[in-house]
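Enquirer: Protein chains in written order, with my numbering: chain R, 9 to 122; chain H, 348 to 461.
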Amino acid sequence: DQQVKQNSPSLSVQEGRISILNCDYTNSMFDYFLWYKKYPAEGPTFLISISSIKDKNEDGRFTVFLNKSAKHLSLHIVPSQPGDSAVYFCAASEGSGNTGKLIFGQGTTLQVKP
Amino acid sequence: GAGVSQSPSNKVTEKGKDVELRCDPISGHTALYWYRQSLGQGLEFLIYFQGNSAPDKSGLPSDRFSAERTGGSVSTLTIQRTQQEDSAVYLCASSISAPPDTQYFGPGTRLTVL
Chain R
9 DQQVKQNSPS LSVQEGRISI LNCDYTNSMF DYFLWYKKYP AEGPTFLISI
59 SSIKDKNEDG RFTVFLNKSA KHLSLHIVPS QPGDSAVYFC AASEGSGNTG
109 KLIFGQGTTL QVKP
Chain H
348 GAGVSQSPSN KVTEKGKDVE LRCDPISGHT ALYWYRQSLG QGLEFLIYFQ
398 GNSAPDKSGL PSDRFSAERT GGSVSTLTIQ RTQQEDSAVY LCASSISAPP
448 DTQYFGPGTR LTVL
């Protein structure tokens, strides 16, 4: 069973516009969430995280929103840039992230067109 | 400084053979993780080492899989009697200390079992 789901395999947006990547989870014990970005032939790189005590965390062009009641989080990138084109994974863990065990979604491929 | 390195980058083996995959974490990082990504799937947690504590092996899919971490640094993931379903990209990550410290990923080893 997939505890973390990214239902959109791909997303295409125009440079300068907003990219919204979505993620749903089923395990109510998850209380720490992360987004990673992955370029081809490279390992994932950490983007941004959020604890369940918050509903929003912002870092430059990247903002993560958490809706605990809906078990849904989203990553907003604004403005989108061609260099943002990559696969984006959301991940979740229990125990405020202290378990070390991240559960990842399947990923969404973002293409930002110039 | 150098990031997480993994070797080999690619490994092709025949069904039934044993393979060893190596991970060199970032110097000074005390926590080390193994994940794998099968085609079209998200990253799947395998095992987590933290200092001298007993590793969390809860993600290992079968007893054909084992991992060790010598001297608190280099780690080796061993798959015995490989099967075709073991074909995946095996990713290693390390973090400075215990979770939820950011996990830094290596580029992965692509394993193909014929």
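C-beta atoms are modelled at their ideal positions from N, C-alpha and C, and glycine is treated no differently. All figures in this text were calculated on a predicted structure; none of them were measured in a lab.
Can you look up E367/H in the DSSP assignment and give me helix, strand or coil?
Expert: The answer is strand: DSSP assigns E367/H an E or B state.
Enquirer: Pair every Cβ in the stretch 429 to 442 of chain H with every Cβ in the stretch 360 to 379 of chain H, then say whether three or more of these pairs are closer than 8 Å.
Expert: With the cut-off at 8 Å, the stretch 429 to 442 of chain H and the stretch 360 to 379 of chain H touch.
Enquirer: If we require 4 or more residues per run, which alpha helix (DSSP H) segments fall completely within the stretch 71 to 119 of chain R?
Expert: The qualifying runs do not exist here; there are none.
Enquirer: Rank I443/H, F452/H, G453/H by C-alpha distance to the C-alpha of G375/H and give the top, closest one.
Expert: Nearest option by C-alpha distance: I443/H.
Enquirer: Would you mind reading off the limits of the beta strand (DSSP E) that contains I373/H?
Expert: No beta strand (DSSP E) holds I373/H; DSSP gives it neither H nor E.
Enquirer: What in chain R is Cβ-close to Y380/H, meaning under 9 Å?
Expert: Near Y380/H (Cβ distances below 9 Å), the residues of chain R are G108, K109, L110.
Enquirer: Taking the beta carbon of D39/R as the centre, do at least 16 other beta carbons fall within 10 Å, making it buried, or is it exposed?
Expert: Buried is the call here.
Enquirer: Are the beta-carbon atoms of A94/R and L118/R separated by less than 8 Å?
Expert: Yes; because the gap between Cβ atoms is below 8 Å, this pair is in contact.
Enquirer: From the DSSP output, read off the bridge partner residues of E66/R.
Expert: Its beta-bridge partners are T71/R.
Enquirer: Go to T459/H, then tell me how far its beta strand (DSSP E) extends in each direction, as first and last residue.
Expert: Where T459/H is concerned, the enclosing beta strand (DSSP E) stretches over 456 to 460.
Enquirer: By the criterion of Cβ-Cβ separation under 7 Å, what are the contact partners of L407/H in chain R?
Expert: Within chain R, no residue comes near L407/H; the closest Cβ sits about 12 Å away, beyond 7 Å.
Enquirer: Ignore the nearest five residues each way along the sequence and tell me which others in K46/R's own chain have a CB closer than 8 Å to its CB.
Expert: Correct list, in chain order: P52, T53, A94, V95, Y96, F97, G115.
Enquirer: Could you please tell me which residues of the stretch 74 to 97 of chain R, in chain order, have their CB closer than 7 Å to any CB of chain H?
Expert: From the stretch 74 to 97 of chain R, only F97 have a Cβ closer than 7 Å to chain H.
Enquirer: With three or more beta-carbon pairs closer than 8 Å as the criterion, would you say the stretch 354 to 364 of chain H touches the stretch 375 to 386 of chain H?
Expert: No: the two stretches stay apart, fewer than three of their Cβ pairs being nearer than 8 Å.
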